[in-house]
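For the sequence shown, position 79 matches number 79 in UniProt numbering, and the numbering has no gaps at all.
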Amino acid sequence: MRGRVNAGLVAGGVLVGIVVLAALVSFVWTPHDPTLVDASNKLREPGGGYLLGADKFGRDTLSQLMVGARTTLYVGIVAVGIAAVIGTPLGMIAGMTPRGWLSELIMRVNDLVFAFPALLLAVMLGAVYGAGTLTAMIAIGVATVPAFARVARAATMQVMVTDYILAARAAGRRRAAIAVRHVLPNIGSMLIVQASVSFAIAILAEAALSFLGFGTRPPIPSWGRMLQESQELLFSTPRLALWPGLAIALAVLGFNLLGDGLRDYLDPKLRRIRAER
């Protein structure tokens, strides 16, 4: 038995579940068309079929939040996927040859990429290829590669000194076979935790890029652009900024709590401590 699940993991799972549920429901139903501009509903107060009111263009706020959740998850999944697919193999290679020139080269390039924040990289890519969802996903994904590479390298170095790896080497197994059959399954839990934490960072990055105009383009709803469109009405109609800001905060909090909870739940040392109790 793995013991009791901590409260942070449950709370994070609930918050993430709400975001995922809203995104899935938006595929089949929203209260109104989130892209429909209706001047007659401009700045409409909550009520009468508009649960959270309407924005300055007359678009339903709740419908935009639901579709915005879909956009946020889409960008996060692709960006984290890019980072994991590129960073994990690089980190494993560096961890399996810690004293070789290849490991040194990988980690120095890793440090170089780490010096470029996602926002700066997105601005550069946007200037060359144009702003959009694809640009945001690539920028966030590439900027997150160093985190996966570092985690994978550190975890791989710990696994490589274990007895079963030494036995596999003595049996004449190739490096590729050792990596796939022995190393990757044993560092998977750490990568899952890193993916959850990186997802929270990707949500913030996507919102910031959309706010600056380098992320998701209109008319596709985005939480970051909802904040950008509401800033001029911040003092007269603060609810327009409240709902997307709250959605971003809860989503980031949920994925951070989920990552911390998974780390505690999957850590073998903590599992042994809980078992002794």
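For each residue, glycine too, the CB sits at the ideal point set by N, CA and C. These numbers come from a predicted model, not from an experiment.
Annotation for Tyr129: the continuous alpha helix (DSSP H) segment containing it runs 118-129. Each of Val142, Met96, Ala11, Phe148 was checked against the Cα of Val75, and the nearest Cα belongs to Val142. Residue range 239-266 is occupied by the alpha helix (DSSP H) that includes Phe255.
Annotation for Arg150: the continuous alpha helix (DSSP H) segment containing it runs 133-159. In the three-state DSSP reduction, Asp111 falls in the helix class (H, G or I). Ile77 and Phe199 have their C-alpha atoms roughly 7 Å apart. Under the rule that a run must span 4 or more residues, the alpha helix (DSSP H) segments found entirely inside the stretch 58-107 read 61-96. Separation of the CB atoms of Leu227 and Leu233 is rounded to 11 Å, and the pair is thereby denied contact status at 8 Å. Pro244 counts as buried, since at least 16 other C-beta atoms from the protein chains shown sit within 10 angstroms of its C-beta. In the DSSP secondary-structure assignment, Ala54 is bridged to Asp60. Residues of the same chain with a CB within less than 7 Å of the CB of Thr97, apart from the 5 flanking positions on each side, are Ser103 in chain order.
The beta carbon of Ala195 sits closer than 7 Å to the beta carbons of Val80, Ala84 from its chain, once the five residues preceding and following it are set aside; these are given in chain order. Assignment of Gly48 by DSSP, reduced to helix, strand and coil, places it in the coil class. In the three-state reduction of the DSSP assignment, Trp29 falls in the coil class, being assigned neither a helical nor a strand state. Collapsing the DSSP output to three states places Ala22 in a helix. Asp33 counts as exposed, since fewer than 16 other beta carbons sit within 10 angstroms of its beta carbon. Taking the Cβ atoms as the reference, Leu43 lies roughly 6 Å from Lys56, within the contact range of under 8 Å. A contact is defined here as three or more CB-CB pairs under 8 Å, and the stretch 108-115 fails this definition with respect to the stretch 163-183.
Pairing Pro31 with Gly48, the inter-Cα distance amounts to about 11 Å.
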